[in-house]
Amino acid sequence: MTDVRAPEADPFESAAEQDDRETAGRDRPGRGFSLADWLKWGWRQLTSMRIALVLLFLLALGSVPGSMLPQEGTNPAGVQQYYASHPALAPLLNHLGLFNVFAAPWFAAIYLLLFTSLVGCVVPRTFRLVGSARTLPPRAPRHLARLPRSAEYGTALAPVQAVEVAATVLAGHGFRLRRPADAGEAWLSAEKGYLREVGNLLFHLALLGVLVSVALGGLFGYKADRLLVQGTTFADTQSALDEFYPGRFVSATDLGPFTITLNQFDASYISSGVQRGQPASFDAQISYTAHPGGPALRDNLEVNRPLSVDGAKVYLIGHGYAPVFKVTDARGQVVYDQPTPFISGSSGNFLSQGVVKVPDAQPEQLGFTGVFVPTAVEVDGVLESVFPAADHPVVSLIAYAGNLGENSGIPQSVYQMDTTGMRQLTADPQVLVPGQSLKLPDGQGTITFTGYVPWVSLAITHDPGQLPALICGLAALGGLLLSFMVRRRRVFVRVRANGPAGGVQSTVQVGGLTRTDASGGFEDEFASLAAELRSAHDQAAANSVLYKRSRYAKNPAVAGGRLSAPIARAGPKGPHSRVGFA
Amino acid sequence: MAATALAGAALAVVLLTGWATGGNSGVTDVAGGTSAVLYQAGHRPLAPDFTATTLTGAPLSFSSYRGQVVVLNFWGSWCAPCRAEAPALAGAAKQYRPAGVDFLGVDVRDTTASAVAFARNFGIGYPSVSDSSSVITLDFTAVVPIAGTPTTLVIDRTGHIAGAVFGPATYQELTDILAQVTGKAAGGSP
Amino acid sequence: MPVNLALGHVSNDFLIAALVIYSLSVVAFAGDFAFGRPRRAGSAARGQQARERAGALAAVGAASVAAAADAPPDSVVGPPGPAGQAGVAAAGSPAAVPDSMPEVAVPPLRAIGQAGHWVQAAMALAAVGVVAHTVAVVTRGLAVHRAPWGNMYEFVTALTCVAAIFFLFVMVRYRAWTLGVFVMGAVVVALGLAETLIYTAAGQLVPALQSYWLDIHVTAMTLATGIFFVAAVLGVVYLTVDRYNRRVAAGRAEPGNGIVRRLPSLEQLDRLTYRTIMFGFPVWTFGVIAGAIWADQAWGRYWGWDPVETWAFITWVLYAAFLHARATAGWRGRRAHYIQLLGFTSLMFNILVVQVFIAGLHSYAGVS
């Protein structure tokens, strides 16, 4: 039969190009088109590769301010500072959602659109893959020489025999075959590499799975923080946590009923050399019970070594110093006697700040702002900390008396003091070493710096989406590798009968091609396939000669070893017999 | 068509996740809003028992309060809203003493010196137990949603929690709940 | 375990040696440009002529010509393939049975022997340099008793080592000698900057980094960055050649530029870059996943939009955009390479700027 299509359509037009072609082909709906047409056009645009590219760029671009500007979730203090230093710009940025980029609606819109585009592209392709996996490869083209890879050689086999040999070889390599319906035709189509599209789809669907896992964590998970002073215990209940961020479907009763006691915290630092002052190790020895009344277990919390309890994980996030103060008021009563956590923030060497609020001192409320210096050295009249360990600790205090502002009932931070209603009692900061007391003027009382203990900050998290996210991430990686390593390719064989010319009865043409978005590397495979086919054909021809020699040994024309006459088409069993090769 | 349906379902999933991941804000703000709650008879959770030490160092067992109406107030000297409600509690305690209502404080995440100073300052006549580790709070959170400090629970004579104020309590709220639970108005005789 | 300072010094000495030897190899590659045998011009022309012949002979059905027209990239150097001659022969004698089999790839190392003295010298120097570089990295690791990529200096030296090894492999496999001057030159510049600007003496790691995840996550990132480094240099070469071609087509430049003629064709460069990125992208993806697992162990959440995490994500998205662009009509070629270079820029920005200057959980560069 003749091939009337000319030029041939590329049998391996990539699906992406098909999509683009279809999209580009349909013009924007003009007048006379219904809403349905517009929606259809819009959907096709959304799921095109071009729009996917644009959305990817937007996603990358949209993430940039999230890394440059301080974000509410991770650095609220930084946001405050930004407001202070950019008073005009900050409200505008806030209005645009730039202080909480990754929770902003516009960022969500970008990734949701991207995933919609993904879904709209992946789902039809899945159906297409299933369909193409069920249909046979196309017929072999007429002119295999026009294919990107081709080879041609002669063989002593008859065309149909040669096709059979080729079929065996290709089937041995795992190709799916298509033979001509008409027994007289001599061609073969072979296709392989469906796993590539499987990998591609798996990758994209796995990304969707990651998104769903993140959402799962957001809905059913929670995060909490708690600062724990050495020697104290806390129970995991909402009112005992410093911060609690529950997911939408999480309530306080979902917290695990464990209690943790910080028995001992040790931090060691490098004391000499270039890295002096750098932390060497942190170690928090805790004991915990998984539920009230349960057995007390011991554990060592370290960075990179969280505790798993009651379905949650407890992490050692940071640490600091809590100097211990004892305050006696004007009436001689001890009104305050506890460790007070001071916060170092980003100051080097744990120079820490804090406040001591004594609202029940009589007759006037007392307050102190303090700086704790672990290893104090005076430089130009200013106390600096030169080493993070508490080798030479001092505390510097400024005393106040008056109204702390707490009686109004509005909650205050325990780390900050509002001095607007107070008057300063001491003109200069007073420096105390451990054990030293400061007598306040006018018999207001005394504050003693009795010592210090360390504190740790713990993060308690629960994320049910964590494991699914990991599985989906690894599945995405697997799909990616599959789609990169496997090539979808087709190999065609056409055998043409020649006139007899020195023992060559047919000409075998082999052609091969891969999908247009493949990267290459098929050349080697094709070359070795062609070589293998050729040697299989030679082998088969030799076997059938041997067979014929043994069968027709009495034939003088054959006995001489040289075949001068055309060989009879096949053995006694008919054209398709497999006589002649194993 | 199956493909469209599947795509639509996947799209719905995607949109749902958008809704889910947003809105994960919120430190629960106790002081901002108070809610007073009454539990109807038959729907009252059982208050867990506990033994603890009072601020003066004496041991106390909660079961010893069975048979009385108890107002259990979770507070701390560091807690500003607790300071705001303290006069109301002190006053209500005096008012309802003749009616046989006991007040008991649970001093959460606090130290003795500051707590004693607080009680002295506000004239709190009733005892408080020390719950520096919040274990008692943990037990009670299992039956009522205690989200922060202060929280006030009213426990009936059978040891069941009949009413709660989540946040600083006003005198009015306290007396309303107590009137319901005891069946008596403030200051009334039995 | 205390740091072995003596071994640290040895490592530094080997690194300086590698730097010097690489520089010499760059000079040798440049010498090949200037004084080496003009091979490329012939095969470029042959490629063009072969295509024309293919069209003419298609009617005759000479299969051989098709094979020659789409020569594999490894025919940058070497004698004209037998296919071309067979095609001519076939046209001459139609009665003979045409016989053309595609070439199975010639063992690549054999090609060095035909590449000329300059290339041989350059390759020898580059190989020695790579050995010295690897010794430097390994001794650094031995000095500090851990994987030697715990701060930025170590990271840059390790990634340039990966880039150099990977590129040597690419050069030998695809016989792309003419790209040597560009990639090795970039390696020299990067190493020089590492030595002068961000050098950090061998030392201990902060506790947060004392985890076996360092070996997994940062190793993967180092490998991926080294591979993307090569792809970026190839991208720059592609864009340069592409610009030159367009200027020639517009009549604004003289054709026959000696350097451009020696470089692989645009299509070959494009394919090489694509395959390089295809190699690096899964490694980067794995590195991000490993980083997320480690972040969960250390910080309590597997993804928190920390600045370094965010920029690693941006880099990933940009390289994904590159892969998409190659499959989108109108975005192949020049635009795709712009995207790829943008991705590499974001990668470098992540390493050099974000880790150092933007406060976050990832500030372990060790640069003061």
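Residue numbers (our numbering), protein chains in the order written: chain A, 61 to 642; chain B, 2 to 191; chain C, 10 to 377. All C-beta atoms in this analysis are idealised placements derived from N, C-alpha and C, irrespective of residue type, glycine included. It should be emphasised that the depicted structure is a prediction, and the values quoted were computed from it without experimental measurement.
Starting from residue i, find everything on chain A with Cβ-Cβ shorter than 8 Å and list it in chain order.
| i | result |
| --- | --- |
| residue 264 of chain C | None at all; the shortest Cβ gap to chain A is about 28 Å. |
| residue 253 of chain C | Those do not exist, as residue 253 of chain C stays about 24 Å from chain A at its closest Cβ, beyond 8 Å. |
Can you name the residues of chain C whose CB is closer than 7 Å to the CB of residue i?
| i | result |
| --- | --- |
| residue 363 of chain A | 216, 217 and 307 |
| residue 330 of chain A | 213 |
| residue 209 of chain A | 111 |
With a 10 Å radius around its C-beta and 16 neighbouring C-beta atoms as the bar for buried, classify residue i as buried or exposed.
| i | result |
| --- | --- |
| residue 381 of chain A | buried |
| residue 377 of chain C | Residue placement at residue 377 of chain C is poorly supported in this model, since its pLDDT is 33, which falls under 50; the coordinates are not used for a value here. |
| residue 156 of chain B | buried |
| residue 147 of chain A | exposed |
| residue 421 of chain A | buried |
| residue 356 of chain A | exposed |
| residue 425 of chain A | buried |
| residue 173 of chain B | exposed |
| residue 25 of chain C | exposed |
| residue 323 of chain A | exposed |
| residue 15 of chain C | exposed |
| residue 175 of chain B | buried |
| residue 362 of chain C | exposed |
| residue 155 of chain A | exposed |
| residue 183 of chain C | buried |
| residue 60 of chain B | exposed |
| residue 224 of chain C | exposed |
| residue 132 of chain B | buried |
Which chain B residues sit within Cβ distance under 9 Å of residue i?
| i | result |
| --- | --- |
| residue 430 of chain A | Near residue 430 of chain A there are no residues of chain B at all, since even the closest Cβ is about 16 Å away, more than 9 Å. |
| residue 319 of chain A | 134, 135, 136 and 139 |
Please name the residue or residues paired with residue i in a DSSP beta bridge.
| i | result |
| --- | --- |
| residue 108 of chain A | Per DSSP, none; premise fails for residue 108 of chain A. |
| residue 110 of chain C | Residue 110 of chain C pairs with nothing; no bridge assigned. |
| residue 362 of chain A | A:365 |
| residue 432 of chain A | A:412 and A:455 |
| residue 383 of chain A | A:512 |
| residue 289 of chain A | A:515 |
| residue 47 of chain B | B:161 |
| residue 717 of chain A | The structure shown does not extend to residue 717 of chain A, since chain A spans only 61 to 642, so no value can be given for it. |
So which residues of chain A does residue i contact, with C-beta pairs closer than 7 Å?
| i | result |
| --- | --- |
| residue 148 of chain B | 298, 299 and 312 |
| residue 327 of chain C | 120 |
| residue 226 of chain C | The premise fails here: residue 226 of chain C is roughly 12 Å from chain A at the closest Cβ pair, so nothing lies under 7 Å. |
Should residue i be counted as a contact of the ligand NAD given a C-beta to heavy atom distance under 7 Å?
| i | result |
| --- | --- |
| residue 180 of chain A | By its list of ligands, the structure shown contains no ligand whatsoever, and the ligand NAD lies outside what it can speak to. |
Could you name the residues of chain C that residue i contacts, counting a contact when the two beta carbons are closer than 8 Å?
| i | result |
| --- | --- |
| residue 131 of chain A | 314 |
Starting from residue i, find everything on chain B with Cβ-Cβ shorter than 7 Å and list it in chain order.
| i | result |
| --- | --- |
| residue 397 of chain A | 112 and 114 |
| residue 31 of chain A | A query on residue 31 of chain A cannot be resolved here, the shown segment of chain A reaching from 61 to 642 and no further. |
Strictly below 9 Å CB to CB, what residues from chain A border residue i?
| i | result |
| --- | --- |
| residue 291 of chain C | 537, 540, 541 and 544 |
Discussion item. Under 8 Å, with one C-beta from each stretch per pair, do the region 224-236 of chain C and the region 168-179 of chain C reach the 3-pair mark?
Written reply: yes
Worksheet item: Fully enclosed by the region 88-174 of chain B, which beta strand (DSSP E) runs are 3 residues long or longer?
Response: 102-109, 129-132, 152-156 and 162-167
Worksheet item: Hey, is the region 358-371 of chain A in contact with the region 400-410 of chain A, meaning 3+ C-beta pairs nearer than 8 Å?
Response: no
Worksheet item: At a cut of 8 Å, does the region 46-64 of chain B reach the region 100-118 of chain B through at least three beta carbon pairs?
Response: yes
Fill in: chain E contacts from the region 121-145 of chain B (Cβ-Cβ distance under 8 Å)
Protein chains in the displayed structure are A, B and C, and chain E is not among them.
Worksheet item: Counting pairs of Cβ atoms below 8 Å between the region 231-238 of chain A and the region 289-299 of chain A, do you hit three or more?
Response: no
Practice prompt. Return the chain-ordered ranges of every alpha helix (DSSP H) run that is complete within the region 512-594 of chain A and spans a minimum of 4 residues.
Written response: 526-545
Worksheet item: Should the region 119-126 of chain C be regarded as contacting the region 144-161 of chain C, the criterion being three or more beta carbon pairs within less than 8 Å?
Response: no
Fill in: Segment contact flag, the region 10-20 of chain C with the region 144-155 of chain C, C-beta cutoff 8 Å, min 3 pairs
yes
Worksheet item: Would you say the region 187-203 of chain C touches the region 284-297 of chain C, given that touching needs at least three Cβ pairs under 8 Å?
Response: no
Fill in: Every unbroken alpha helix (DSSP H) within the region 156-226 of chain A, with a cutoff of 4 residues, ordered by chain
165-194
Discussion item. In chain order, what are the residue ranges of uninterrupted beta strand (DSSP E) at least 3 long that sit wholly in the region 297-372 of chain A?
Written reply: 303-306, 319-329, 339-349, 357-361 and 367-369
Worksheet item: Does the count of Cβ pairs from the region 252-259 of chain A and the region 496-515 of chain A closer than 8 Å reach three?
Response: no
Worksheet entry | Touching by the beta-carbon criterion (3+ pairs, under 8 Å), the region 69-83 of chain B and the region 36-47 of chain B | no
Worksheet item: Counting Cβ pairs closer than 8 Å, one from the region 258-266 of chain A and one from the region 517-526 of chain A, do we hit at least three?
Response: no
Practice prompt. Within the region 298-365 of chain C, note down every full beta strand (DSSP E) run reaching 3 residues or more, in order along the chain.
Written response: none
Item to complete: Count the CB pairs spanning the region 532-549 of chain A and the region 157-172 of chain A that are closer than 8 Å, and state whether there are at least three.
Response: no
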